[in-house]
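Visitor: These protein sequence lines are chains A and B, in that order.
Taking my numbering, the leading residue of the first sequence gets 1, the next gets one more, and so forth.
Taking my numbering, the leading residue of the second sequence gets 1001, the next gets one more, and so forth.
Just so it is clear, CB atoms sit at the ideal spot from N, CA and C, and this is done for glycine as well.
Since this is a predicted model, take the numbers as computed values, not measurements.
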Amino acid sequence: MKINKLILIIEDDVCINSLITELLLEQGYQTKSLFNGKDAHNWLMQTNEFPQLILLDLMMPIQNGYIFRDEQLKSQTLKNIPVVVMSADGNFSQNQMRINANDYLKKPFELNDFLTIINKYVKV
Amino acid sequence: MQLNSKKNTKFSILVIDDDETSFMIKAIVEKRADTEVFIAHSGSEILDLVSKHEFSLVVIDLELFIMNDFGFTEYFKGSDKTKNIPIIFVTANSREHSIALTGEESGVVDFLHKPLDHFVVKSKINMFLEYQRHKTDIKSLEQKFSHFIESSVDAIVLVNDLGAVELINKQAELMFGYERNEIIGKHMSLLVPESHCELFLSSTDSILLGQGRSLFGCHKNGTEFSIEISLDLLNVDSNLLVSATIRNTSERYAWEIEREKLLEKFKQNQIELERSIMLREEFMSIAGHELKTPITALKLRLQLRLKRLLDLSKKTDAFSADKLEVMFDSDIQQVNRLTELIEKILDITRVNSGKLNLKMENFNIGELVEEVVERHAEQLKMAGGLISVNIQDSINGYWDKVRIDQVITNLLSNAIKYGAGKSIAITVSRKLDLVFVAVKDNGLGIKHDDLKRIFKRFERASNSDISGFGLGLYIVTQIIEAHKGSVRVESMIGNGSQFTLSLPIVTTKSLSPFEVYIQENIQ
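#1: Which bits of chain A does Arg1403/B rub up against, with CB to CB less than 8 Å?
#2: Can we say the stretch 1146-1157 of chain B touches the stretch 1051-1061 of chain B, given the rule of at least three CB pairs closer than 8 Å?
#3: Using a Cβ cut-off of 9 Å, pull out every chain B residue sitting near Ala202/A, in sequence order please.
#4: Can you tell which of Arg1308/B, Ile1348/B, Arg1301/B, Asn1336/B has its C-alpha closest to the C-alpha of Met1327/B?
#5: In the structure shown, what three-state DSSP assignment does Gly1496/B receive?
#6: For Asp1465/B, count neighbouring C-beta atoms within 10 Å of its own C-beta (all shown protein chains included) and say buried if the count is 16 or more, exposed if not.
#7: Compare the C-beta of Leu1304/B with all C-beta atoms of chain A and state if any pair is closer than 8 Å.
#8: Label Val1050/B either buried or exposed according to how many other C-beta atoms from any shown protein chain fall within 10 Å of its C-beta, with 16 as the threshold for buried.
#9: Name the DSSP bridge partner or partners of Ile1207/B?
#10: Between Lys1186/B and the rest of its own chain, which residues show a CB-CB distance below 6 Å, the 5 nearest in sequence each way excluded?
#11: Step through the CB atoms of chain A and report whether any lies within less than 8 Å of the CB of Leu1300/B.
#12: Shortest alpha-carbon distance to Val1435/B belongs to which of Leu1501/B, Ala1027/B, Lys1052/B?
#13: Do you know offhand how far Val14/A's Cα is from Phe35/A's?
#14: Look at Thr1245/B and Ile1156/B and say whether their C-beta atoms are less than 8 Å apart.
#15: Which ranges would you report for the beta strand (DSSP E) in the stretch 39-83 of chain A if only whole runs of at least 3 residues count?
#16: Tell me whether the beta-carbon of Ile1396/B lies closer than 8 Å to the beta-carbon of Val1476/B.
#17: Short of 8 Å in beta carbon distance, which residues of its chain neighbour Gln1379/B, apart from the five on each side in sequence? Order them along the chain.
#18: Work out the CA separation of Leu24/A and Gln30/A for me, nearest whole Å.
#19: Which chain A residues sit within Cβ distance under 8 Å of Lys1417/B?
#20: Name the chain A residues whose beta carbon is nearer than 7 Å to that of Lys1307/B?
#21: What residues from chain B crowd round Leu19/A, counting only those whose CB sits closer than 8 Å?
#22: So, at 6 Å on beta carbons, what are the nonlocal neighbours of Asp1232/B in its own chain, with the 5 sequence-adjacent residues on each side left out?
#23: How many Å lie between Met59/A and Met86/A at the Cα?
#24: Compare the Cα-Cα distances from Lys1359/B to each of Ala1321/B, Arg1403/B, Leu1310/B and report the closest residue.
#25: Which one of Lys1265/B, Leu1116/B, Thr1082/B, Val1109/B has the shortest CA to CA distance from Asp1019/B?
#26: Residue range of the alpha helix (DSSP H) that Thr1477/B falls in?
#27: Which class does Tyr1418/B belong to by DSSP, given the choice of helix, strand or coil?
#28: Straight-line CA distance for Met1278/B to Ile1229/B?
#29: Let me know if Ser1195/B comes out buried or exposed under the rule of 16 or more other beta-carbons within 10 Å of its beta-carbon.
#30: Looking at Ile16/A and Ala1297/B, is the spacing between their C-beta atoms short of 8 Å?
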């Protein structure tokens, strides 16, 4: 049986998005890259393959991370997918409360911390 | 006010007479401790006594003819000191003749007829002395009252039940600019305009009027001033008077208004200050976020590279020459991005402090637009939208090329950022001596409420979460205004936005004062 190791990356910065993709692929995960909350939500609504984890940036055009998270929690099918927030936002503790994510990575983050957290939710 | 003058009143009676009358009068007043009788037999004695004493009553025996018969009245009524002294004439003439005597003067005059009757003389003398006592009492009371009113630091006006001024003190004269003889008897509305006058008359208890600037006084010269009036009812001889103690509050209110204004200004400044601090904090937070993004990418890249280096045994070709080149290229790109961001932060500082020095040079604005579009080819391709550039007129002019480049770049980047991948159109056209550069996208559009706000510092449209400092349009406006041009925006939600620059076409280079000096003097 094929084990699902799909991770959804929602990050508007093209460089960061592609670097994370590169890194995760190297580690043996599968990835899906999207650049704003709206596209991510639309994709999730029509995909057959749910991700095991969502990496979510906060400040994004069109639909930000907060709204995406709110939408996700409203959906019965999506609400249980763990979310790790990655943000360079200064108000760390405030935003952590607001977004109610499973984990929070402060940008710029340490590679090892990143991998440890990913591994918590999706085992390779 | 308590008045007790009874004990102190001393009466003096002057009797100008033969011995018969003076004898009887002396006998009558002998028992009164408060009365003294002086007797004069000649004109010089009268003058002497009158100069030394205050008489309460003069009794004149007309038969003496010291002065001619009616000269007495004229003498006594002619001087302030004596004009109010009642005079009793003692006469042997008929009553008819006596009545005729009273016709010409206004003072109190009475008659005693010879032969003198002791009882009649006594009752008449007592009656006049009693009358004088009352007069003295009233005079003393009036003096005290008048002193009391005059010495007040407040303006006082007494008004009768018809609203007419009965009395006004010095302070009130000064306050309203009237002499008392000009105002006594006039209606109070002259001093305090009609609309407020009834308040005086209907008041039945002590009240304070005019608090909160509701009352105005009218000066003789026509100026109005706010007043406060304290009203008291005075019952004088069963006449109801209103005593109005008036204070000019205009200075106090002027000061209060000034204070309120200052307070309001202070509050406004406070709000602006707080807002500016908030904006600055927000800017710092956005700046932090913006700077951290390329650093995150750079750090991730470096750590990834280090990890690969350590895992070299697995992947031998990870650090081949061409891969290293790509790596360094992308590192440099991140560093450039950081530099650009820092440059932007510094730029806003320069624009803010008014150090925007324009370096005018002659160039073709259409060509500059094409250059900028060319530079954004890569970004445009990534965004997926088409761009059309329509240069309707070829226009040359003197502008700051670097700054105008910055403006067009900003508008184009915005169009790409907010254009939602749809087509963008840039038009360059001319109308009279103005050049128009219009950048139109078909993206998100801007809410009506946001249209003005977006040109301010650190502001962005509320329906976007697009990263950036929110400084772009602010800087654009500053640059265009420094060129004496203007920026206009038209937008509809869902239908995209169009930003239009209009710049005056300057065909000759404007000279600095130094250059003018050189041209005029050194050639």
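Guide: Once the coordinates are examined:
#1: The contacting residues do not exist; Arg1403/B stays about 27 Å from chain A at best.
#2: no
#3: No answer is possible for residue 202/A: the residues shown for chain A start at 1 and end at 124.
#4: Arg1301/B
#5: strand
#6: Interpretation of Asp1465/B is limited by its pLDDT of 45, a score under 50 that renders its predicted location unreliable; the figure taken from the coordinates is listed afterwards. Buried: at least 16 other Cβ atoms inside 10 Å.
#7: yes
#8: buried
#9: Leu1231/B
#10: Val1165
#11: yes
#12: Leu1501/B
#13: 8 Å
#14: yes
#15: 53-57
#16: Correcting the residue type first, residue 1396/B is Asn in the shown sequence and not Ile. Against a cut-off of 8 Å, the Cβ pair of Val1476/B and Asn1396/B comes out as no contact.
#17: Ser1413, Ile1416
#18: 7 Å
#19: Pro61
#20: Leu111
#21: Ala1297, Leu1300, Arg1301, Leu1304
#22: Ser1206, Ser1243
#23: 10 Å
#24: Arg1403/B
#25: Leu1116/B
#26: 1472-1482
#27: helix
#28: 49 Å
#29: With a pLDDT of only 48 at Ser1195/B, under 50, the local geometry of the prediction cannot be trusted, and the value read off the model is given with reservation. Flag for Ser1195/B reads exposed.
#30: yes
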